[in-house]
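The structure appears right after this line, and notes come after that.
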Amino acid sequence: TPIEYLYRSVPPEELVALYRTADVGLVAPLRDGMNLVAQEYVLCQGLAREGRPPGSGVLVLSEFAGAAQVLADALLVNPWDTEGMADALETALDMHRRERRERLRRMAVQVESMDCTVWAERSIRKIASHAERSSHAAVSITLHREVEDRARAAFAAADVKLLLLDYDGTLREIMRRPEEARPTPELLGLLRGLSEVDGVEVHVVSGRPKADLDEWLGDLPIHLCAEHGYTWRAPGGEWETIESLDLSWLPHVRQVLTEVTHEVPGTLVEEKSCGLAWHYRMAEMDYGTWRAHELLSRLQDDLADSAAEVLRGHRVIEVRALGVGKGRYARRRLEVGERPGFVLCIGDDRTDRDMFRALPEDAWTVHVGRGDEEARYRLPSPPRVREFLRRLLESS
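Okay, here's the thing in structure tokens:
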């Protein structure tokens, strides 16, 4: 009988003996987070006990097991790959005894030195450290009615008012498909109304391509800024762009994103003039997030010495040319235009922090969602943003 299948519990003494006797420990789950079988096998095999020498077994471990991140001397396999599993078993059985014992020794020392007490102590220290930093961080406060009344008064009193507004996640809810986030008639009317107030400049500063902003908002008398500050236009004017950007990295990134898109259902690549964006809003939640982490690490390594930067947003990873940013656009407006008496900036993403940092200290900076250390205030959602803007319009 080549395989004896035991579908029952095994007493600890018998289990330890099986671990110690086995030439190969095969732990090959398709998905696993915290299974200690691999560590138990390593300890039973790899450490000398009561004068007995260590064993010489080999651990064959699924790359999808949580233990694969810490037991680097195991033979890692993909359990979906039948041929690869067979090859790994053959390699394990043919491995020289000296190499087996050296691999086991290193893994056993690591497992014994990283027991649950050490893990718990380190985790508690990290939590305490984060709590300490958070207690000293300036976190934005909710823009409640009293603060809103002060904002309305400042808006009404200023001769020149500058509004810098992100689009997705700020003026409009995040949608599963980017093309579904078209502005509603209510939003179009709100932006038009604000732009028609004396002294008000409305700037929609978005990461979207200029074609989207032109199609959706081009008829409004407002300023449009696309692709995080790469290109912009005044009301009714021509589009201007940042010159002399190094885009030599673009073909490689396009190839990487295309490969990942073929492997992850429900994802897509968005082409922009100075970058690319990989959207995974429609992908399966856990798998999409896992592949996004993997992609982020790879891109950061690949582009470490290039003229590009990698950004992570709401279910999107974007690569753009260095020197492009919403903060640069905001600073340009403050340098060339009439100095505003009232500045309001609202955004929800990490890219909007560039704008928050570029504005004077008395600017009304608002983060949409949970609190952000770069913004003075926060609002919970795009509907509340539209409600706040509507109240500003009424106060004028």
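Throughout the sequence shown, residue numbering follows the working numbering, covering 4 to 399 in sequence. Beta carbons are placed, not taken as given, at the ideal position from N, Cα and C, and that holds for glycine.
Mind checking which residues open and close the alpha helix (DSSP H) that includes V200?
Within the sequence shown, numbered from 1, the residue matching residue 200 stands at position 197. It is not in any alpha helix (DSSP H) - V200 carries neither H nor E in the DSSP assignment.
With a cut-off of 8 Å, do at least 3 Cβ pairs link the segment 60 to 70 to the segment 13 to 33?
The segment 60 to 70, when compared against the segment 13 to 33, does touch it at the 8 Å Cβ threshold.
Option in A161, V267, A31 and D171 with minimal Cα separation from S384
Within the sequence shown, numbered from 1, the residue matching residue 384 stands at position 381. Per the C-alpha coordinates, the member of A161, V267, A31 and D171 positioned closest to S384 is D171.
Tell me, please, which residues DSSP counts as bridged to Y380.
In the sequence shown, counting from the first residue as 1, residue 380 sits at position 377. Secondary-structure assignment with DSSP links Y380 through a beta bridge to I144 and V369.
Consult DSSP for I349 and reduce its assignment to one of helix, strand or coil.
Taking the sequence shown and counting its residues from 1, one reaches residue 349 at position 346. Strand.
E273 lies in the alpha helix (DSSP H); which residues open and close that run?
Locating residue 273 in the sequence shown gives position 270, where the first residue counts as 1. Note, E273: premise wrong, no alpha helix (DSSP H); beta strand (DSSP E) at L271 to K275.
Pick from G49, V207, V388 and L193 that is closest to E115, judged by C-alpha positions
Here residue 115 corresponds to residue number 112 of the sequence shown, with the count starting at 1. The candidate whose alpha carbon is nearest that of E115 is G49.
Report the start-end ranges of each alpha helix (DSSP H) in the segment 141 to 198 that is 4 residues or longer and not cut off at the edges.
The segment 141 to 198 contains these whole alpha helix (DSSP H) runs: 148 to 160 and 188 to 198.
What are the boundary residues of the alpha helix (DSSP H) that L392 is part of?
Taking the sequence shown and counting its residues from 1, one reaches residue 392 at position 389. Taken as a continuous stretch (DSSP letters only), the alpha helix (DSSP H) holding L392 covers P385 to S398.
E93 - DSSP class collapsed to helix/strand/coil
By 1-based counting over the sequence shown, the position of residue 93 is 90. Helix, per DSSP.
Which partner residues of V63 appear in the DSSP bridge assignment?
Indexing the sequence shown from 1 puts residue 63 at position 60. Per DSSP, the beta-bridge partners of V63 are L29 and L78.
Cα-Cα separation, A286 to H265:
For the purposes of this step, residue 286 is taken as the residue at position 283 of the sequence shown. For the purposes of this step, residue 265 is taken as the residue at position 262 of the sequence shown. Each residue's alpha carbon lies about 12 Å from the other.
Would you list the residues sitting across from I320 in a DSSP beta bridge?
Counting from 1 along the sequence shown, the entry for residue 320 is found at position 317. Within the DSSP bridge table, the entry for I320 names W281 and R315 as partners.
Close-in-space but distant-in-sequence residues of the same chain around E204 (CB under 6 Å, 5 per side omitted):
For the purposes of this step, residue 204 is taken as the residue at position 201 of the sequence shown. Cβ neighbours of E204 beyond the five flanking positions: L165.
Excluding sequence positions up to five away, which residues of its chain have a Cβ less than 6 Å from the Cβ of R236?
Taking the sequence shown and counting its residues from 1, the one referred to as residue 236 is at position 233. Here R236 has L227 and W242 as same chain residues with Cβ atoms under 6 Å from its own Cβ, once five neighbours each way along the sequence are excluded.
Classification of C119 by the beta-carbon crowding that lies within 10 angstroms, buried from 16 upward:
Position 116 of the sequence shown, counted from the first residue, corresponds to residue 119. With fewer than 16 Cβ atoms within 10 Å of its Cβ, C119 is classed as exposed.
Any idea which residues DSSP pairs H226 with across the strands?
On the sequence shown, residue 226 is found 223 positions in, with the first residue counted as 1. In the DSSP output, where bridge partners are listed per residue, H226 has H206.
For L347, which residues of its own chain have a beta-carbon under 6 Å away from its beta-carbon, when the five flanking residues on both sides are left out?
The residue labelled residue 347 in the question sits at position 344 within the sequence shown. Excluding its 5 nearest sequence neighbours in each direction, L347 has C-beta neighbours in its own chain below 6 Å: L166 and W367, listed in chain order.
Indicate the three-state DSSP secondary structure (helix, strand or coil) for W219 in the structure shown.
Reading the sequence shown from its first residue, position 216 is the one you call residue 219. Note: W219 maps to helix in three-state DSSP.
Determine, using beta-carbon pairs with one atom in the segment 144 to 155 and one in the segment 378 to 395, whether at least three such pairs fall under 8 Å.
As far as the Cβ criterion goes, the segment 144 to 155 touches the segment 378 to 395, which means the pair count is three or higher.
Our contact map puts E338 next to C277 with C-beta atoms below 8 Å; I'd like the distance itself, whole angstroms only.
Translated into the one-based positions of the sequence shown, residue 338 becomes position 335. Translated into the one-based positions of the sequence shown, residue 277 becomes position 274. Not a contact, Cβ separation roughly 22 Å.
Report all residues from its chain with a CB closer than 6 Å to the CB of L29; omit the five preceding and five following residues, and keep chain order.
As a working note, residue 29 is residue 26 in the sequence shown. Within its own chain, the residues whose Cβ lies closer than 6 Å to the Cβ of L29, once the five positions on either side in sequence are excluded, are V63, listed in chain order.
Reducing DSSP to helix, strand and coil, say where W122 ends up.
Taking the first residue of the sequence shown as 1, we reach residue 122 at position 119. Residue state, collapsed to three classes: helix.
Determine the closest residue to A51 out of L223, A111, A71 and D365, with distance taken between C-alpha atoms.
On the sequence shown, residue 51 is found 48 positions in, with the first residue counted as 1. Ranking L223, A111, A71 and D365 by CA distance to the CA of A51 puts A111 first.
In this structure, does DSSP put W235 in helix, strand or coil?
The residue labelled residue 235 in the question sits at position 232 within the sequence shown. Strand, per DSSP.
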